[in-house]
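According to my numbering, the sequence shown holds residues 15 to 266 in order.
Just so it is clear, CB atoms sit at the ideal spot from N, CA and C, and this is done for glycine as well.
The structure appears right after this line, and notes come after that.
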Amino acid sequence: MGNVGAKEIPELFGPDGLRTDGRRPDELRPLKITAGPLHQADGSAFVEWGFNKVMAAVYGPREVHPRHLQENNKAIVQCRYNMAAFSVDERKRPGLDRRSQEISKVIAEAFESVIFAEEYPRTSVDVYIEVLQANAGTRCAGVVAASVALADAGIPMVDLLPAVAVGKVGGKLVLDLNKLEDNFGEADLPMALVPQSGRLVLMQMEGHMHRDELGRALDMGVAGCRGIYEKMKAALRDRYAVAPAASSEVSA
Ligand code: CDP
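Here it is as structure tokens:
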């Protein structure tokens with residue numbers, strides 16, 4: 015244990031340079047994506063990422079509620095990010111707090127910039143993100159789940175939207191912070207990438223890092239997003255893979 019100010023900081027790297035969960039600084043937590051687990055929604059996805067478990071459901075394009083939000087020349091994207099009361103160590107008070115509202119807003123804006131909204135005027139694309147278990151990085155897990163759910167719903171988009179946080183922990187840059195690193199690190203920088211163009215459509219930073227580190231953090235995050243992108247595409251391929259046709263030969 016080190017002691018910086020009043021905060022007891024646990025060791026976040028072993029003598030081998032590996033993190034508390036055994037990862038290298040640029041390594042992602044295990045990520046499993048299931049496309050289309052819900053049958054009532056138009057599209058859905060379940061993401062298990064480290065100890066995070068996040069479900070996303072998408073409806074639309076459909077009629078806008080409330081009506082006054084309707085736009086005559088394009089679809090709007092409405093997002094609700096919600097953490098279940100049982101998703102964190104200390105029971106979270108149910109309902110939309112300020113944090114959830116902020117996350118819902120930045121995620122809706124990220125998707126607005128990749129969905130071909132002009133194709134569906136006067137409609138709404140509704141994205142629901144339910145965090146069932148949280149362990150840092152839930153907004154990124156929510157973006158990944160929602161993105162696969164949108165593709166599952168057949169909503170036309172420029173590209174899928176992989177997302178990941180880069181952090182600064184014990185003076186080092188690390189990819190995909192876990193909860194301990196999030197609690198005791200110096201910075202947390204979640205981002206979402208449009209892989210085809212290299213455009214970042216969500217980026218937030220908590221904490222502080224040097225401007226030289228910021229460039230390296232972005233490179234690390236973009237590389238992480240590219241790995242996540244492959245898993246997102248694989249999940250959709252698994253969902254829509256056509257089983258090879260049974261042999262038509264009939265033995266006499
Ligand atoms: O989840 P994300 O990293 O996107 O957002 P955060 O605001 O940086 O929260 C980091 C983590 O703190 C969450 O993933 C949860 O594990 C935890 N948290 C919590 O325990 N109780 C809350 N009300 C909010 C967050």
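N-terminal and C-terminal residue of the alpha helix (DSSP H) that residue i is part of
i	result
Asn96	No alpha helix (DSSP H) contains Asn96, which is instead part of the beta strand (DSSP E) from 90-97.
Phe125	112-126
Asn197	193-198
Residue environment, residue i, which counts as buried when at least 16 other CB atoms sit within 10 Å
i	result
Glu195	buried
Ser211	exposed
Ala257	exposed
Pro170	exposed
Asn149	buried
Asp226	exposed
Arg105	exposed
Leu110	exposed
Ala255	exposed
Phe100	exposed
Gly185	exposed
Arg38	exposed
Asn197	exposed
Gly36	exposed
Asp190	buried
Asp166	buried
Gly168	exposed
Pro80	exposed
Ala259	exposed
Arg107	exposed
Pro75	buried
Arg240	exposed
Residue interval of the beta strand (DSSP E) (run including residue i)
i	result
Tyr254	First-last for Tyr254: 225-254, but that is the alpha helix (DSSP H), not the beta strand (DSSP E).
Asp202	201-208
Leu45	45-49
Lys67	66-77
Leu42	Premise fails: Leu42 is in no beta strand (DSSP E) and is neither H nor E.
Met273	In the structure as shown, the chain begins at 15 and stops at 266. Residue 273 is therefore absent and cannot be evaluated.
Val61	57-63
Proximity test, Cβ basis, 8 Å: residue i and chain C
i	result
Asp103	Among the chains in the structure shown there is no chain C, since it carries only a single protein chain.
Spell out a yes or no on whether the stretch 218-227 and the stretch 200-208 are touching, meaning 3 or more CB-CB pairs, one atom from each, closer than 8 Å.
Touching, yes, given that three or more Cβ pairs across the two stretches are closer than 8 Å.
Taking contact to mean 3 or more Cβ pairs, one atom from each stretch, closer than 8 Å, check whether the stretch 220-231 and the stretch 48-62 are in contact.
no
Tell me whether the stretch 164-183 and the stretch 236-250 touch, counting them as touching only if at least three CB pairs, one residue from each stretch, are closer than 8 Å.
yes
Would the stretch 132-143 and the stretch 21-32 be scored as touching if the rule is three or more Cβ pairs under 8 Å?
no
Entirely within the stretch 128-185 and at least 3 residues each: give me those beta strand (DSSP E) ranges in chain order.
137-147, 177-183
Whether or not the stretch 84-91 and the stretch 127-134 are in contact is what I'm after, with contact meaning three or more pairs of Cβ atoms, one per stretch, closer than 8 Å; do they touch?
yes
Inter-stretch contact (C-beta, 8 Å, three-pair minimum) for the stretch 63-71 and the stretch 110-123
No: the two stretches stay apart, fewer than three of their Cβ pairs being nearer than 8 Å.
Count Cβ pairs between the stretch 119-127 and the stretch 90-98 that sit closer than 8 Å; are there 3 or more?
Short answer: they touch.
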